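Visitor:
Chains as they are written, first to last, in my numbering: chain A, 5 to 175; chain B, 210 to 311.
This is the structure:
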């Protein structure tokens, strides 16, 4: 067993445990903290895949910005516990897990049926070069300049929209 | 060099996606449902980054960058909508958001 497989197992187990704990905890704040742990494990997996830029952006944008926004809203809204609502919904929960199992089986069938690794010839050097800030920044500012500007415009629209929605007083 | 076949990452991503689907279906708190959607987006991102790295080109990672941008915009607007609903109904339980049924 070498280090790559060992790190993959550690990060994958951490991500899956955090995800399962996230959807089963009753307190939304604890769910948010487990989601942050999941994002950190994913950042580790991205580093394992030689995607340095995406790993850092994952921590800065997701764990840093988006989850802080979620935690702010969670703590701003004073909520009652979810426990009393879920208590008499046992058949619905079993049905939900059943639906999720069907989705999982479909995706796994596609993965193993299509044999994705057959046409791949992974080269370490090109893989490392493709994940650097330099390469991604160069691509973003040359070939993908229009989507990049559109993303900026989308963020502006979202900012204005969020401001208008949160300010408006519903009757 | 690459000791892990790409199927490991794809299966991990599929399992995370299924956990996200389960979370969306069993949770009743709108903010937690939003967090489960973020989990599903992240599992899709993991697939994109895995293929990008194994193919050795950066297009998949650029796509992940745009997915993160859209996720940030979606979180901002979605949380603003949740705050507006909270002002109106004083809770964020989606079972009680049935005003469209009238």
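Using N, Cα and C, we set each Cβ at its ideal position, and we do this for glycine too. Small disclaimer: the values here were computed from a predicted structure and weren't measured.
Less than 8 Å between CB atoms is the rule here; does residue 282(B) satisfy it with respect to chain A?
Guide: Counting from 1 along the second chain, the entry for residue 282(B) is found at position 73. So, interface residue.
Visitor: Work out the CA separation of residue 276(B) and residue 71(A) for me, nearest whole Å.
Guide: Translated into positions along the first chain, residue 71(A) becomes position 67. Translated into positions along the second chain, residue 276(B) becomes position 67. Their backbone Cα atoms lie some 16 Å apart in a straight line.
Visitor: State whether the stretch 100 to 113 of chain A contacts the stretch 222 to 231 of chain B, with contact taken as three or more CB pairs (one from each stretch) at a distance under 8 Å.
Guide: The answer is yes - the stretch 222 to 231 of chain B touches the stretch 100 to 113 of chain A, with three or more Cβ pairs under 8 Å.
Visitor: Distance cutoff 8 Å, beta carbons only. Does residue 224(B) sit that close to anything in chain A?
Guide: Taking the first residue of the second chain as position 1, residue 224(B) is located at position 15. With 8 Å as the cut-off, residue 224(B) counts as an interface residue toward chain A.
Visitor: Check for me: the alpha helix (DSSP H) holding residue 296(B) runs from which residue to which?
Guide: Residue mapping note: residue 296(B) aligns to position 87 of the second chain, counting from 1. Start and end: 268 to 298.
Visitor: One question on the structure: do residue 278(B) and residue 155(A) come within less than 8 Å of each other, judged by their Cβ atoms?
Guide: Taking the second chain and counting its residues from 1, the one referred to as residue 278(B) is at position 69. Taking the first chain and counting its residues from 1, the one referred to as residue 155(A) is at position 151. Yes, they are a contact pair.
Visitor: So, is residue 79(A) buried or exposed, given that buried needs 16 or more other C-beta atoms within 10 angstroms?
Guide: Mapped onto the first chain, residue 79(A) falls at position 75. Residue 79(A) comes out exposed.
Visitor: Could you run through the stretch 265 to 290 of chain B and flag, in chain order, every residue whose CB is less than 8 Å away from some CB of chain A?
Guide: Going along the stretch 265 to 290 of chain B in chain order, one finds 265, 266, 267, 268, 270, 271, 273, 274, 275, 277, 278, 279, 280, 281, 282, 283, 284, 285, 286, 288, 289, 290 with a Cβ nearer than 8 Å to chain A.
Visitor: Tell me whether residue 48(A) is buried or exposed, calling it buried when 16 or more other Cβ atoms sit within 10 Å of its Cβ.
Guide: The residue labelled residue 48(A) in the question sits at position 44 within the first chain. Buried, since its Cβ has 16 or more Cβ neighbours within 10 Å.
Visitor: Checking contacts by CB at 8 Å: is residue 244(B) closer than that to chain A?
Guide: For the purposes of this step, residue 244(B) is taken as the residue at position 35 of the second chain. It does; some Cβ of chain A falls within 8 Å.
Visitor: By a C-beta neighbour count over all protein chains shown, 10 Å radius and 16 as the cutoff for buried, is residue 270(B) buried or exposed?
Guide: Counting from 1 along the second chain, the entry for residue 270(B) is found at position 61. That one is buried.
Visitor: Please give the ranges of any beta strand (DSSP E) in the stretch 46 to 129 of chain A, keeping only runs that are unbroken, at least 3 residues long and fully inside the region.
Guide: Complete beta strand (DSSP E) runs here, min 3: none at all.
Visitor: Look at the alpha carbon of residue 77(A) and the alpha carbon of residue 101(A), and state the distance between them as a whole number of angstroms.
Guide: Translated into the one-based positions of the first chain, residue 77(A) becomes position 73. Translated into the one-based positions of the first chain, residue 101(A) becomes position 97. Approximately 28 Å, taken between the alpha carbons.
Visitor: If you drop the 5 nearest sequence neighbours on each side, which residues of the same chain put their C-beta closer than 6 Å to that of residue 137(A)?
Guide: For the purposes of this step, residue 137(A) is identified with residue 133 of the first chain, where counting begins at 1. Excluding positions up to five away in sequence, the list reads 57.
Visitor: What residue range is occupied by the uninterrupted alpha helix (DSSP H) comprising residue 301(B)?
Guide: By 1-based counting over the second chain, the position of residue 301(B) is 92. Premise fails: residue 301(B) is in no alpha helix (DSSP H) and is neither H nor E.
Visitor: Quick one: list the residues of chain B neighbouring residue 153(A), beta-carbon separation under 7 Å, in chain order.
Guide: Residue 153(A) sits at position 149 when you count from the first residue of the first chain. Chain B residues near residue 153(A): none, gap ~11 Å exceeds 7 Å.
Visitor: Distance, Cα to Cα, residue 285(B) vs residue 143(A)?
Guide: Taking the first residue of the second chain as position 1, residue 285(B) is located at position 76. Taking the first residue of the first chain as position 1, residue 143(A) is located at position 139. Residue 285(B) and residue 143(A): Cα-Cα distance of roughly 27 Å.
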